[in-house]
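One structure is given here, and the rest of the page talks about it.
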Amino acid sequence: GSNHSGSPKLGTKRLPQALIVGVKKGGTRAVLEFIRVHPDVRALGTEPHFFDRNYGRGLDWYSQITLEKTPAILSLKRPSRIFNMSRDTKLIVVVRNPVTRAISDYTQTLSKKPDIPTFEGLSFRNRTLGLVDVSWNAIRIGMYALHLESWLRYFPLAQIHFVSGERLITDPAGEMGRVQDFLGIKRLITDKHFYFNKTKGFPCLKKTESSLLPRCLGKSKGRTHVQIDPEVIDQLREFYRPYNIKFYETVGQDFRWE
Ligand code: A3P
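Note that the sequence shown covers residues 111 to 368 in the numbering used here.
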């Protein structure tokens, strides 16, 4: 078929124009669930519903911004692959205090494999010497300055948007406002879309595209974290500080984890 409007044919899968590339446990699910409420966004990995719900929107619907979530921040090959497939793809990274992120990551693993060693044990090569085990992914993912460097070899900083995982919880509308600006779509998702669910302890949506009922994220989002030795938390805070500061400098934004 011809392709007058520059939209892809039915059934063709094209690369998303925007990717949520991380970080794991930063709040990536929340960003995806919140942004997909926007009428100009189509999140992949879901049913397109073209012939029922969205038929009235016509083929213009295919000019919606497509968005996908793929936890790629750690992979060294991923930036070049994404770049080679589509260098215009906008990248979204949700970042969170690396210490909290590591504990969240560990808590998730523990929920699936209860027999793993303690967080305190896995964090260090030598705890008395304070040698952090940077080969442990739960630690490594939080060294944002390092990963950013490899992405910046392919993508200009202006093509990467950083969402504060902390502000995403305290001010979801503000944070989503900036995401919409970055994607070049109208600020249609506003504070009217959110309410704070006291039971969940997190902001939830008042309604979604498919339902008029309020919706919170699932049970695996917003788990109670394992208790960690406060001394270890301090040691990790120290460990991350130079990486955090370098990250703030590169991005030009202070995420206030110090
Ligand atoms: P915790 O489970 O440690 O609290 P991801 O989706 O990238 O795996 O991130 C999960 C984290 O998203 C959760 O980590 C939670 O803190 C955070 N989050 C942010 N906004 C949320 C929301 N509205 N509802 C639930 N979790 C949210």
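Where a beta carbon is used, it is the ideal one built from N, C-alpha and C, also for glycine. All values derive from a computational prediction rather than experimental measurement.
- In the DSSP annotation of this structure, His257 is not part of any beta strand (DSSP E); the continuous alpha helix (DSSP H) holding it starts and ends at Tyr254 to Leu262.
- Rounded to the nearest whole angstrom, the CA to CA distance from Lys356 to Leu258 is 10 Å.
- In this structure the segment 311-330 does not touch the segment 222-240; the number of beta carbon pairs closer than 8 Å is below three.
- For Met195, the number of other beta carbons within 10 angstroms of its own is below 16, and it is reported as exposed.
- Counted as a single uninterrupted DSSP element, the stretch harbouring Val244 is not any alpha helix (DSSP H), since DSSP gives it neither H nor E.
- Between the ligand A3P and Val147, a heavy atom-to-CB distance of less than 7 Å is absent.
- Around the beta carbon of Tyr254, 16 or more other beta carbons sit within 10 angstroms, so the residue counts as buried.
- Excluding sequence positions up to five before and after Tyr353, its CB lies within less than 6 Å of the CB of Met253 and Ala255, all in the same chain and listed in chain order.
- Distances taken from the Cβ of Gly332 to the heavy atoms of the ligand A3P include one shorter than 7 Å.
- Within the same chain, Phe229 and Ala248 come within 6 Å of Tyr216 by CB-CB distance, once the 5 residues on both sides are set aside.
- Secondary structure at Glu319: coil, using DSSP grouped into helix, strand and coil.
- The secondary-structure analysis by DSSP pairs Lys179 across a beta bridge with Ile130.
- Beta-bridge analysis with DSSP links Cys326 to no other residue.
- With a cutoff of 8 Å on beta-carbon distance, Leu241 and Arg250 are scored as not near each other.
- Sorting Ser214, Arg347, Gly287 and Thr199 by C-alpha distance to the C-alpha of Tyr264 places Thr199 at the top.
- A buried status is given to Leu346, since no fewer than 16 other beta-carbon atoms sit within 10 Å of its beta-carbon.
- Not one heavy atom of the ligand A3P falls within 7 Å of the beta-carbon of His257.
- Between Leu278 and Glu359, the alpha-carbon positions lie close to 21 Å from each other.
- Judged by DSSP in its simplified three-state form, Val141 adopts helix.
- DSSP, reduced to helix, strand and coil, places Ser196 outside both helices and strands of the structure shown, so it counts as coil.
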